[in-house]
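Okay, structure first, notes after.
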Amino acid sequence: MTTETTSLIVEQYQENGYCAVPPVADADTIATVIDHMDAVVDGEYETGRPPHALHFSPGDAPEKIRKVDQPHLCDDTILSFIMRPEIGRWAASLVGARMVQIFAVQLLIKPPGGKASGHVGWHQDKMYWPYWEGTEGLLTAWIALSDVTLNSGPIRFVSGSHRWGLCEGGDFFETDHETHRRTLKVPQGQRWEEEALPLAPGAASFHHCLTFHASGPNLEPYPRRSFALHLRTDRAKVARHEYYTQHLDDPVHAPIIYQE
Ligand SMILES: O=C(O)CCC(=O)C(=O)O
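If you count the sequence shown from 1, you need to add 15 to reach my numbering.
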């Protein structure tokens with residue numbers, strides 16, 4: 016990666032509130048981690064520790080999104096995957112950090128079938144993080160583990176929305192995009208401009224904690240797979256101690272993936 020390409024990606028992140036970066040993992044690594052991802056979804060916990068939460072039940076429709084919070088507690092292959100130094104280096108370059116730490120992890124599988132139950136609703140990540148003060152030093156890395164084509168329900172980002180502040184009404188679990196979008200209040204003078212971001216297997220996107228995003232149906236014949244890694248840098252300050260900020264001293268719960 017040339018310095019010019021890196022600078023261009025950093026500029027895109029700062030201007031739009033999101034960007035895509037080239038693969039951070041090769042095909043063999045991805046194939047291995049996919050087996051471990053499926054094991055966790057099937058309730059097989061290699062470490063003997065359960066995840067923090069499962070957002071699906073055995074009887075759910077096959078098209079419903081599978082979301083597991085803190086899957087790295089259950090499985091050491093997932094833990095070492097999310098700790099890849101490439102991810103930390105990118106995050107540090109994007110926001111000019113001296114330290115990058117993962118404070119929360121989500122495993123996300125959007126099954127094929129093209130149903131609304133696979134949707135992720137419009138939201139800003141910060142709305143779920145009241146335990147951090149403000150928005151400084153908070154961002155998300157989203158690592159694609161399958162070919163995330165335009166047809167597979169890639170994340171759609173609203174360009175420039177990281178400058179809008181925290182808006183009311185976002186909801187990760189709202190699957191009716193049309194109605195939901197109409198209820199969201201765009202600050203005066205701003206325009207809602209969406210971009211869907213396809214990613215090759217192993218590639219990643221990064222987004223600011225205020226950037227609005229959502230994702231639609233998976234119309235491919237295979238599952239859309241990813242890990243969302245919620246990151247804090249040395250600039251983030253704890254507002255209060257809740258589950259995710261209580262475990263920052265635990266290197267398994269909250270691994271540091273970049274340190275200057
Ligand atoms: O996987 C998706 O479609 C959305 C993930 C997400 O909301 C996030 O990474 O913050």
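Every residue gets a Cβ at the ideal spot worked out from N, C-alpha and C, and that includes glycine.
When DSSP reads this structure, Val83 sits in a beta bridge with Leu69 and Leu122. Within the chosen limit of 8 Å, ligand 1 does not reach the beta carbon of Thr150 with any heavy atom. Under the DSSP assignment, Thr155 falls in the beta strand (DSSP E) whose first and last residues are Leu153 to Ala159. Just measuring C-alpha positions, the residue of Gly217, Leu246 and Leu181 sitting nearest Asp43 is Gly217.
Nearest to His262 by alpha-carbon distance, out of Gly58, Thr21 and His67, is His67. Rounded to whole angstroms, Pro236 and His228 show a C-alpha spacing of 24 Å.
Residue pairing by DSSP places Arg240 opposite Ile124 in a beta bridge. The beta-carbon distance between Lys130 and Ala215, rounded to whole angstroms, is 25 Å. This is too long to meet the 8 Å contact definition. Between Leu122 and Lys141, the CB-CB gap reaches or exceeds 9 Å. In the DSSP assignment, His222 falls within the unbroken beta strand (DSSP E) covering Ala219 to His223. For His228, no alpha helix (DSSP H) segment is defined; the enclosing uninterrupted segment is the beta strand (DSSP E) at His228 to Ser230.
Take the alpha-carbon of His245 and the one of Ala156: they are about 6 Å apart. Excluding residues up to 5 positions away in sequence, Glu148 lie with their Cβ nearer than 6 Å to the Cβ of Lys252 in the same chain. Closer than 8 Å to some heavy atom of ligand 1: that describes the Cβ of Ile170. Set against 8 Å, the gap from the CB of Ala106 to the closest heavy atom of ligand 1 is not smaller.
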